[in-house]
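Under the UniProt record's numbering, the first residue of the sequence shown carries the number 1, and numbering increases by one thereafter.
Glycine residues also receive a C-beta, built at the ideal position from the N, C-alpha and C atoms.
Quick caveat, the model's predicted, so the values are computed rather than measured.
Below: one structure, written as structure tokens.
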Amino acid sequence: MALSYGLSLNMMFVRSVQKQCSLENNMHIPSEAPEVIEGNRLTTNWPAVGKVEIQDLQVRYGSNVPLVLCGISCTFEGGHKIGIFGRTGSGKTTLIISLFRLVEPAWGKIIVDGIDISTIGLHDLRSRFGIIPQDPTFFNGTVRYNSDPLSQHSDQEIWAEATQHNLRPKAKNLYGAFNMIPTVMDCTMVLAISDGTLVEYDEPVKLMTTEGTLFGQLCHGILV
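Structure representation (structure tokens):
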């Protein structure tokens with residue numbers, strides 16, 4: 001019996017050491033920025049225009065690791081639709097999550113409608129932006145079911161709502177969506193990133209028709 005209790009005590013000791021090590025590791029995790037900065041709250045209509053100015057943005061995921069974004073500078077005008085493309089690991093996702101401050105810049109600024117986003121609270125910032133995941137999840141079932149899962153409205157009411165929000169053509173042509181022109185061609189501007197560096201930023205038609213551009217090569221199937 002003493003041997004049995006001794007084995008149990010040994011396991012408890014191992015788990016205790018593991019928990020202590022885990023706690024020590026967590027204590028060295030840098031604390032996140034404050035949710036709200038009372039002295040620098042936003043107006044209710046921010047961002048009203050949606051202009052984004054990126055100034056020499058440099059981002060890394062640790063103090064002793066290489067830069068993921070290497071001094072990106074560009075401006076997204078309000079109301080424009082910007083397409084961002086590049087190979088896997090080029091820095092596209094890092095640029096997007098930098099807008100939400102999921103990772104803080106090592107250098108540089110992101111200014112939205114005249115406000116440096118590093119000077120405001122995380123809740124005030126993130127509550128004003130929205131994001132659609134790179135791999136969105138679509139629910140099973142018909143469009144009718146997902147529009148009214150509790151069956152509280154008639155078909156006529158659903159179609160009226162879809163027509164009001166210009167969704168009726170999209171719903172009727174849902175199965176033909178995969179034959180549409182690539183979405184990026186509908187963008188106002190296209191930004192190309194390679195190895196964390198901005199290499200191209202112009203209108204998609206100009207980039208597609210200009211010889212030697214990364215976007216043009218991609219459109220013509222030169223890149224794999």
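Legend entry - Cα-Cα separation, ASN146 to THR183: Here residue 146 corresponds to residue number 146 of the sequence shown, with the count starting at 1. Here residue 183 corresponds to residue number 183 of the sequence shown, with the count starting at 1. When rounded, the distance between both Cα atoms is 24 Å.
Inset, instruction - With a 10 Å radius around its C-beta and 16 neighbouring C-beta atoms as the bar for buried, classify GLY86 as buried or exposed. - result: Start at 1 with the first residue of the sequence shown, and residue 86 comes out as number 86. Classification for GLY86: buried.
Inset, instruction - Count the other CB atoms, across all protein chains shown, that sit within 10 Å of the CB of ILE193; report buried if there are 16 or more and exposed otherwise. - result: On the sequence shown, position 193 is the one that residue 193 refers to. That one is buried.
Legend entry - Nearest-angstrom Cα separation, counted from GLY130 out to THR119: The residue labelled residue 119 in the question sits at position 119 within the sequence shown. The residue labelled residue 130 in the question sits at position 130 within the sequence shown. Going by the C-alpha atoms only, they are around 19 Å apart.
Inset, instruction - Measure the alpha-carbon distance for LEU207 versus VAL17 and round it to whole angstroms. - result: If you number the sequence shown from 1, residue 207 lands on position 207. If you number the sequence shown from 1, residue 17 lands on position 17. Distance between the alpha carbons of LEU207 and VAL17: 58 Å.
Legend entry - DSSP three-state assignment for PHE76, whether helix, strand or coil: One-based indexing of the sequence shown puts residue 76 at position 76. Three-state DSSP puts PHE76 in a strand.
Legend entry - Other residues of its chain near GLY78: CB distance less than 6 Å, five sequence neighbours each side excluded: In the sequence shown, counting from the first residue as 1, residue 78 sits at position 78. Same-chain partners within the cutoff: VAL49, GLY50 and LYS51.
Inset, instruction - Specify the secondary structure class of GLN152 as computed by DSSP and reduced to three states. - result: Start at 1 with the first residue of the sequence shown, and residue 152 comes out as number 152. Reduced to three states, the DSSP call for GLN152 is coil.
Legend entry - Residue from THR88, THR210, ARG126 and THR197 whose Cα sits closest to the Cα of VAL36: As a working note, residue 36 is residue 36 in the sequence shown. Nearest C-alpha to VAL36: ARG126.
Legend entry - Euclidean distance between Cα positions of LEU214 and MET189: Position 214 of the sequence shown, counted from the start, is the residue given in the question as residue 214. Position 189 of the sequence shown, counted from the start, is the residue given in the question as residue 189. If you take the alpha carbons of LEU214 and MET189, they lie about 14 Å apart.
Inset, instruction - Tell me whether the beta-carbon of THR197 lies closer than 9 Å to the beta-carbon of GLY71. - result: The residue given as residue 197 occupies position 197 in the sequence shown. The residue given as residue 71 occupies position 71 in the sequence shown. The answer is yes: Cβ separation under 9 Å.
Legend entry - Beta-carbon contacts of ASP113 that lie in its chain and below 8 Å, excluding the five residues immediately before and after: For this step, residue 113 is matched to residue 113 along the sequence shown. Closer than 8 Å at the Cβ level, and outside the excluded window around ASP113, lie TRP46, PRO47, ALA48, VAL49, GLY50, LYS51 and GLY78.
Inset, instruction - Whole angstroms is fine: what's the gap from ASP202's alpha carbon to GLN58's? - result: Reading the sequence shown from its first residue, position 202 is the one you call residue 202. Reading the sequence shown from its first residue, position 58 is the one you call residue 58. Rounded to whole angstroms, the gap between the alpha carbons of ASP202 and GLN58 is 21 Å.
Legend entry - Separation of PRO204 from GLU32, as counted between CA atoms: Taking the sequence shown and counting its residues from 1, the one referred to as residue 32 is at position 32. Taking the sequence shown and counting its residues from 1, the one referred to as residue 204 is at position 204. Spanning the two alpha carbons is a distance of roughly 38 Å.
Inset, instruction - Can you say whether LEU23 is buried or exposed, counting buried as having 16 or more other CB atoms within 10 angstroms of its CB? - result: One-based indexing of the sequence shown puts residue 23 at position 23. Classification of LEU23: exposed, given that the 10 Å Cβ count is below 16.
Legend entry - Per DSSP, cross-strand counterpart(s) of VAL199: Along the sequence shown, one-based indexing puts residue 199 at 199. Answer by DSSP bridge pairing: none, since VAL199 is not bridged.
Legend entry - Secondary structure of ILE222, DSSP reduced to three states: For the purposes of this step, residue 222 is taken as residue 222 along the sequence shown, with counting starting at 1. Residue placement at ILE222 is flagged as unreliable, the pLDDT there being 48, under the threshold of 50; the coordinate-derived value follows with that caveat. Note: ILE222 maps to coil in three-state DSSP.
Legend entry - Backbone CA spacing between MET11 and GLN20 [nearest angstrom]: Position 11 of the sequence shown, counting from 1, holds the residue named residue 11. Position 20 of the sequence shown, counting from 1, holds the residue named residue 20. Whole-angstrom Cα-Cα distance: 14 Å.
Inset, instruction - Have a look at ILE96 and VAL65 and give me their C-alpha separation to the nearest angstrom. - result: Here residue 96 corresponds to residue number 96 of the sequence shown, with the count starting at 1. Here residue 65 corresponds to residue number 65 of the sequence shown, with the count starting at 1. Taking the straight line from one Cα to the other gives about 20 Å.
Inset, instruction - Taking 9 Å as the cut-off, decide whether the C-beta atoms of CYS187 and LYS81 are in contact. - result: Your numbering for residue 187 matches position 187 in the sequence shown. Your numbering for residue 81 matches position 81 in the sequence shown. Contact flag set, yes.
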